[in-house]
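Undergrad: In the order they appear, the protein sequences are chains A and B.
Numbering-wise (the numbering used here), the first sequence opens with residue 1176 and increments by one.
Numbering-wise (the numbering used here), the second sequence opens with residue 1176 and increments by one.
There are 2 protein chains.
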Amino acid sequence: MQQSQLFTKTRKEAPSDEVSKNAQLLIRAGYIHKEIAGVYSLLPLGRIVFENIKNIVREEMNVAGGEEVSLSALQDPELWKETDRWNDEKVDVWFKTRLQNGTELGLGFTHEEPMARMMKDHISSHKDLPRQVYHFQKKFRNETRAKSGIMRTREFVMKDLYTFAKDEEEHTALYERMAEAYKNIFDRIGIGDKTFKTFASGGVFSKYSHEFQTIVDAGEDTIYVSKEKGIAINEEVYTPEVLKDLGVSEDELEKVEASEVGNIFSLGTRFSEPLGLTFKNEAGESVPVVMGSYGIGPARIMGVVTELFSDEKGLVWPESIAPFQVHLVGLNGEDEEIKDYTNGIYSALTARGVEVLYDDRDLRPGEKFAESDLLGMPYRVVVSRRTKEEGQFEVVTRVTGETRMLSEEELLQDFVTNEEDDD
Amino acid sequence: MQQSQLFTKTRKEAPSDEVSKNAQLLIRAGYIHKEIAGVYSLLPLGRIVFENIKNIVREEMNVAGGEEVSLSALQDPELWKETDRWNDEKVDVWFKTRLQNGTELGLGFTHEEPMARMMKDHISSHKDLPRQVYHFQKKFRNETRAKSGIMRTREFVMKDLYTFAKDEEEHTALYERMAEAYKNIFDRIGIGDKTFKTFASGGVFSKYSHEFQTIVDAGEDTIYVSKEKGIAINEEVYTPEVLKDLGVSEDELEKVEASEVGNIFSLGTRFSEPLGLTFKNEAGESVPVVMGSYGIGPARIMGVVTELFSDEKGLVWPESIAPFQVHLVGLNGEDEEIKDYTNGIYSALTARGVEVLYDDRDLRPGEKFAESDLLGMPYRVVVSRRTKEEGQFEVVTRVTGETRMLSEEELLQDFVTNEEDDD
Chain A
1176 MQQSQLFTKT RKEAPSDEVS KNAQLLIRAG YIHKEIAGVY SLLPLGRIVF ENIKNIVREE
1236 MNVAGGEEVS LSALQDPELW KETDRWNDEK VDVWFKTRLQ NGTELGLGFT HEEPMARMMK
1296 DHISSHKDLP RQVYHFQKKF RNETRAKSGI MRTREFVMKD LYTFAKDEEE HTALYERMAE
1356 AYKNIFDRIG IGDKTFKTFA SGGVFSKYSH EFQTIVDAGE DTIYVSKEKG IAINEEVYTP
1416 EVLKDLGVSE DELEKVEASE VGNIFSLGTR FSEPLGLTFK NEAGESVPVV MGSYGIGPAR
1476 IMGVVTELFS DEKGLVWPES IAPFQVHLVG LNGEDEEIKD YTNGIYSALT ARGVEVLYDD
1536 RDLRPGEKFA ESDLLGMPYR VVVSRRTKEE GQFEVVTRVT GETRMLSEEE LLQDFVTNEE
1596 DDD
Chain B
1176 MQQSQLFTKT RKEAPSDEVS KNAQLLIRAG YIHKEIAGVY SLLPLGRIVF ENIKNIVREE
1236 MNVAGGEEVS LSALQDPELW KETDRWNDEK VDVWFKTRLQ NGTELGLGFT HEEPMARMMK
1296 DHISSHKDLP RQVYHFQKKF RNETRAKSGI MRTREFVMKD LYTFAKDEEE HTALYERMAE
1356 AYKNIFDRIG IGDKTFKTFA SGGVFSKYSH EFQTIVDAGE DTIYVSKEKG IAINEEVYTP
1416 EVLKDLGVSE DELEKVEASE VGNIFSLGTR FSEPLGLTFK NEAGESVPVV MGSYGIGPAR
1476 IMGVVTELFS DEKGLVWPES IAPFQVHLVG LNGEDEEIKD YTNGIYSALT ARGVEVLYDD
1536 RDLRPGEKFA ESDLLGMPYR VVVSRRTKEE GQFEVVTRVT GETRMLSEEE LLQDFVTNEE
1596 DDD
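Here you go:
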């Protein structure tokens, strides 16, 4: 797209009330807008990054056998009373509201209950199992603190998938498949090497659950990692017993800050039993369904990526989630010949399916370069009278700063091939 | 997709507490699930219809110059007090909630205020105008009654676009362009011939606004239409003065029930003035931006389409928004040869990009046909030992009931060409 058509403006200074690096940078670059503490809106470039992350998650959920639905935010108190999760003393993050007639409603902070109740209409026999159902839906959480920018907010979209199995064995297979899908997601986004499947508390119904924790200074969690053994343990379950269970010793583990980018839970019959989600097994007996739940928040991932990869100049997006692959920066915009030439290369790239943000505005080169660094597209292509006379384009890789001079043919080959590799 | 992989089940009877035809049918067919009165979730097939409608809306908004963002549901009371829309006596559909510290928050029922405030960061000069910014976002409305199924709900996604112009002339051009985009949307969805741009009250700042009203028995509005003159008037402004203004007489107009599928408003400076959304004009003076707002609810359209096209057998989807173009119904599933043959035609169609729901289940033909009618895909293709022996496929057009016998070549040609025509 032409940058002159983009309504957002960048700014030199972050708002003084933002303490997190991710929110500071994303606001400066015009990717997000703060509504109130802990609540952000997505502006055009931020929305594209967010959608790119969502699409990777969706693809992996579908490959793993997930079926997509969309459940409501407004929640029925009666349902949550059946599982004893309505009371504010049991769950301290509810936002609650009321109908005109005074009836209380909740805003879903998660969806185990409505998902289980909905499935009662569709599961009656062992032949109806297993099932994997997910949605991307707004969650509302009444957090007391909101200091981590878009990594912890009061309103956010979560992909939550729920598995429904006939027994523990079938559940375990689904759980392992979902763990594999999560690994693929983090690899594709480019944070796979910093992300560890981490032992965490399993609550009442299983010994452990697993979190996917990405090592990052701004993380709110502390984990103990053995990169060699590929083992990570959340501080909350870091006990001699757990170390022994996992066959790892204290001196093999490194203590690091990390951010939870996903989690997977074995729920057993914690929800299916009180809600009556049962099926007839092969012996004709009515038994409760074995459930699991699997969450990922795309905005938290966007925040973690910002914290991990950005530098003093601004944002740095991995190719897989960048709003555009190429930032085409046209200089000498007052020179009609150069303008036409730059328009031509913009058309040539976009016609070949390359996603290009084209800075067609009439600004000084220094301003354009500084803003280009702030916006953080993977590649910058500079076109000017000088590069035209040389018959070459200057290509700068954002993450390394490496500069190459490419002919038009090389340029097209490079990006069009890159794009195809990504698919 | 293979129907054996679809978790939803159909049912013969609608829930007894559903009074609207659209919710009854969509629940029976497994497209939606009722959470509480006036709140529905989308199941897989319903979600695809909903996304197909969204995509048509999105394409037309983008063609018209819209930029997509995503604003929050949680709302800052201070902002809405500035425009005098926080008080429940002024706006009676608010859902309100509270932070842990007691601070009140609202759940957005529309987004003029946050959109205008957000644009203050990005509009300062006449060079920054015009702009058109939209999002698909959940709205929450505390409706006292909820009797129209998915046509009027307490939680729903709306596409709302806002225009920002430097003066009335620029605003009018944007307004007309958006009216044209809306017309394209309703045409593409297949309700264009029943949908009229209808004069309605413009509130304080303009003589009229326009609603797009679709003539349908279940509609909650009453309008007066002259199909010949292409004029429609909402009952609320049906006065001798308005008739005179529009150059139409009472006896040319027919009174009908209709449902509002979209609306477009000229807002003038109603929001920009109190919120301080101003810009420097060419003379260097600071003046308020002229705004417009433009809403469409995809779920209401889905409800209207259901009301309009469904018949005693079930749903009937227009091709442009159907979850799948073809419902492939395999009979004689116990016969391995026929099963392979049916699998083959499924592969051939999907490989060519045709969206196919393939009933690969082991059920009686009568059950399959009844369910296929209920689900409402535009075309049913039946494969059985008989059709194989004849070297033909039975193709039934859902809306007319017309049956054709096509060879494999004709079948592929028919659907693959159809698909391409749609794009």
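The beta carbon of each residue, even a glycine, is placed where N, CA and C say it ideally should be.
Any C-beta of chain B within less than 7 angstroms: which residues of the segment 1230 to 1261 of chain A qualify?
TA: Listed by position, the residues of the segment 1230 to 1261 of chain A near chain B (Cβ gap below 7 angstroms) are E1242, E1243, V1244, S1245, L1246, S1247, A1248, L1249, D1251.
Undergrad: Measure the CB-CB distance between E1287(B) and L1442(B) and report whether it falls below 9 angstroms.
TA: The count along the second sequence starts at 1 and reaches residue 1287(B) at position 112. The count along the second sequence starts at 1 and reaches residue 1442(B) at position 267. It is a contact, given that the beta carbons lie within the stated cut-off.
Undergrad: Is the CB of H1153(B) under 9 angstroms away from at least one CB in chain A?
TA: Chain B is shown only over 1176 to 1598; residue 1153(B) falls outside these bounds and no answer can be derived.
Undergrad: Answer yes or no: do E1365(B) and S1461(B) have a C-beta to C-beta separation smaller than 9 angstroms?
TA: For the purposes of this step, residue 1365(B) is identified with residue 190 of the second sequence, where counting begins at 1. For the purposes of this step, residue 1461(B) is identified with residue 286 of the second sequence, where counting begins at 1. Inspection of the sequence shows that residue 1365(B) is occupied by Gly rather than by Glu. It is not a contact, given that the beta carbons lie outside the stated cut-off.
Undergrad: Have a look at V1570(A) and L1524(A) and give me their C-alpha separation to the nearest angstrom.
TA: As a first step, residue 1570(A) is located in the first sequence; it is residue number 395 there, counting from the start. As a first step, residue 1524(A) is located in the first sequence; it is residue number 349 there, counting from the start. Their backbone Cα atoms lie some 14 angstroms apart in a straight line.
Undergrad: Would you kindly check if the distance between the Cβ of R1555(A) and the Cβ of R1573(A) is under 9 angstroms?
TA: What you label residue 1573(A) is simply residue 398 of the first sequence in a count that begins at 1. What you label residue 1555(A) is simply residue 380 of the first sequence in a count that begins at 1. Yes, these two residues count as a Cβ contact at 9 angstroms.
Undergrad: Taking 9 angstroms as the threshold (C-beta atoms), are D1420(B) and Q1178(B) in contact?
TA: Walking along the second sequence from the start, residue 1178(B) turns up at place 3. Walking along the second sequence from the start, residue 1420(B) turns up at place 245. In this structure, D1420(B) does not lie closer than 9 angstroms to Q1178(B) by Cβ.
Undergrad: Anyone know if the C-beta pair for L1506(A) and S1559(A) falls short of 9 angstroms?
TA: Reading the first sequence from its first residue, position 331 is the one you call residue 1506(A). Reading the first sequence from its first residue, position 384 is the one you call residue 1559(A). A contact, by the Cβ cut-off of 9 angstroms.
Undergrad: Across the segment 1510 to 1525 of chain B and the segment 1443 to 1454 of chain B, are there enough close Cβ pairs to call them in contact, namely three or more that are closer than 8 angstroms?
TA: The answer is no - the segment 1443 to 1454 of chain B does not touch the segment 1510 to 1525 of chain B, with fewer than three Cβ pairs under 8 angstroms.
Undergrad: Short of 7 angstroms in beta carbon distance, which residues of its chain neighbour P1219(B), apart from the five on each side in sequence? Order them along the chain.
TA: Along the second sequence, one-based indexing puts residue 1219(B) at 44. These residues qualify, in order along the chain: L1181, T1183.
Undergrad: Please say whether Y1215(B) and I1207(B) have beta carbons closer to each other than 9 angstroms?
TA: Here the question's residue 1207(B) lines up with position 32 in the second sequence. Here the question's residue 1215(B) lines up with position 40 in the second sequence. Yes, the Cβ-Cβ distance between I1207(B) and Y1215(B) is below 9 angstroms.
Undergrad: State yes or no: is the C-beta of H1310(A) within less than 9 angstroms of the C-beta of G1205(B)?
TA: Along the first sequence, read from residue 1 onward, the residue named residue 1310(A) stands at position 135. Along the second sequence, read from residue 1 onward, the residue named residue 1205(B) stands at position 30. No; because the gap between Cβ atoms is not below 9 angstroms, this pair is not in contact.
Undergrad: R1306(B) bridges to which residues according to DSSP?
TA: One-based indexing of the second sequence puts residue 1306(B) at position 131. Paired residues: F1339(B).
Undergrad: Please classify K1415(B): is it buried, with 16 or more other beta-carbons within 10 angstroms of its beta-carbon, or exposed?
TA: Indexing the second sequence from 1 puts residue 1415(B) at position 240. The amino acid occupying residue 1415(B) in the given sequence is Pro; Lys does not appear at that position. Counting Cβ neighbours within 10 Å, P1415(B) comes out exposed, since fewer than 16 surround it.
Undergrad: Check whether the Cβ of T1562(B) lies closer than 8 angstroms to any heavy atom of the ligand COA, and answer yes or no.
TA: For the ligand COA, the structure offers nothing, since it holds no ligand at all.
Undergrad: Give me whichever residues DSSP pairs with S1401(B) in a beta bridge.
TA: Here the question's residue 1401(B) lines up with position 226 in the second sequence. Paired residue(s): I1406(B).
Undergrad: Quick one, are the C-beta atoms of M1326(B) and E1395(B) less than 9 angstroms apart?
TA: As a first step, residue 1326(B) must be located in the second sequence, where it is residue number 151. As a first step, residue 1395(B) must be located in the second sequence, where it is residue number 220. Yes.
Undergrad: Out of E1487(B), R1352(B), D1251(B), which one is the CA nearest neighbour of Y1337(B)?
TA: Within the second sequence, numbered from 1, the residue matching residue 1337(B) stands at position 162. Looking at the Cα atoms, R1352(B) is the closest of the given residues.
Undergrad: If the cut is a Cβ gap below 9 angstroms, which residues of chain B does H1301(A) touch?
TA: Walking along the first sequence from the start, residue 1301(A) turns up at place 126. None at all; the shortest Cβ gap to chain B is about 14 angstroms.
Undergrad: Going by alpha carbons, who is nearest to L1450(B) out of K1271(B), M1580(B), M1294(B)?
TA: Mapped onto the second sequence, residue 1450(B) falls at position 275. Of the candidates K1271(B), M1580(B), M1294(B), the one whose C-alpha sits nearest the C-alpha of L1450(B) is M1294(B).
Undergrad: Exposed or buried, what is A1321(B) when buried is set at 16 or more other beta-carbons lying within 10 Å of its beta-carbon?
TA: For this step, residue 1321(B) is matched to residue 146 along the second sequence. Buried, by the Cβ-count rule.
Undergrad: Less than 6 angstroms between C-beta atoms, sequence neighbours within five positions excluded: which residues of the same chain meet that for T1370(B)?
TA: Along the second sequence, read from residue 1 onward, the residue named residue 1370(B) stands at position 195. Excluding positions up to five away in sequence, the list reads F1361, F1387, T1389.
Undergrad: Taking Cβ to Cβ, would you say A1348(A) is nearer than 9 angstroms to K1372(A)?
TA: Mapped onto the first sequence, residue 1348(A) falls at position 173. Mapped onto the first sequence, residue 1372(A) falls at position 197. The answer is no: Cβ separation not under 9 angstroms.
Undergrad: Provide the residue(s) that pair with S1384(B) in DSSP beta bridges, ordered along the chain.
TA: Residue 1384(B) sits at position 209 when you count from the first residue of the second sequence. S1384(B) is bridged to A1375(B).
Undergrad: Can a CB atom of chain B be found closer than 9 angstroms to the CB of K1271(A)?
TA: Sequence index remark: in the first sequence, residue 1271(A) carries index 96 (1-based). Yes, K1271(A) lies at the interface with chain B (some Cβ there is under 9 angstroms from its Cβ).
Undergrad: Comparing alpha-carbon positions, which option in A1189(A), T1328(A), F1499(A), G1467(A) lies nearest S1447(A)?
TA: Against the first sequence, residue 1447(A) aligns to sequence position 272. Taking only the C-alpha atoms, the option nearest S1447(A) is G1467(A).
Undergrad: Between which residues of its own chain and E1343(A) is the CB-CB distance below 7 angstroms, once the five residues before and five after are set aside?
TA: As a position in the first sequence, residue 1343(A) is number 168, starting the count at 1. So the list reads V1465, once near-sequence residues are dropped.
Undergrad: When Cβ atoms are compared, which residues of the segment 1567 to 1597 of chain A fall closer than 7 angstroms to chain B?
TA: Here the close residues number zero.
Undergrad: So, D1259(A) versus M1290(A), is the Cβ gap smaller than 9 angstroms?
TA: Taking the first residue of the first sequence as 1, we reach residue 1259(A) at position 84. Taking the first residue of the first sequence as 1, we reach residue 1290(A) at position 115. Cβ atoms of D1259(A) and M1290(A): not closer than 9 angstroms.
Undergrad: Rounded to a whole number of angstroms, what is the C-alpha to C-alpha distance between S1191(B) and G1324(B)?
TA: Taking the second sequence and counting its residues from 1, the one referred to as residue 1191(B) is at position 16. Taking the second sequence and counting its residues from 1, the one referred to as residue 1324(B) is at position 149. One C-alpha to the other measures close to 13 angstroms.
Undergrad: Report the rounded CA-to-CA distance for E1210(A) versus Q1250(B), giving the unit in angstroms.
TA: Counting from 1 along the first sequence, the entry for residue 1210(A) is found at position 35. Counting from 1 along the second sequence, the entry for residue 1250(B) is found at position 75. E1210(A) and Q1250(B): Cα-Cα distance of roughly 8 angstroms.
Undergrad: Does the beta carbon of M1353(A) sit closer than 9 angstroms to a beta carbon anywhere in chain B?
TA: Taking the first sequence and counting its residues from 1, one reaches residue 1353(A) at position 178. No, no contact with chain B.
Undergrad: R1375(B) and V1431(B) look like a contact to me (Cβ under 8 angstroms); what is the Cβ gap, rounded to whole Å?
TA: As a first step, residue 1375(B) must be located in the second sequence, where it is residue number 200. As a first step, residue 1431(B) must be located in the second sequence, where it is residue number 256. Note that residue 1375(B) is Ala in the sequence shown here, rather than Arg. In fact, because the Cβ distance is near 15 angstroms, the residues do not count as touching under 8 angstroms.
Undergrad: At a Cβ threshold of 9 angstroms, is M1326(A) touching chain B?
TA: The residue given as residue 1326(A) occupies position 151 in the first sequence. So no, M1326(A) is outside the interface.
Undergrad: Return the residue from the list E1509(A), V1238(A), L1503(A), Y1521(A) that minimises the CA-CA distance to S1547(A).
TA: Numbered from its first residue, the first sequence carries residue 1547(A) at position 372. The option with the nearest alpha carbon to S1547(A) is L1503(A).
Undergrad: Might you give, ordered along the chain, the residues of its own chain that have their beta carbon closer than 8 angstroms to the beta carbon of L1254(A), omitting 5 neighbours on each side?
TA: Reading the first sequence from its first residue, position 79 is the one you call residue 1254(A). For L1254(A), where only same-chain residues beyond five positions count, the Cβ hits under 8 angstroms are E1288, P1289, R1292, L1450.
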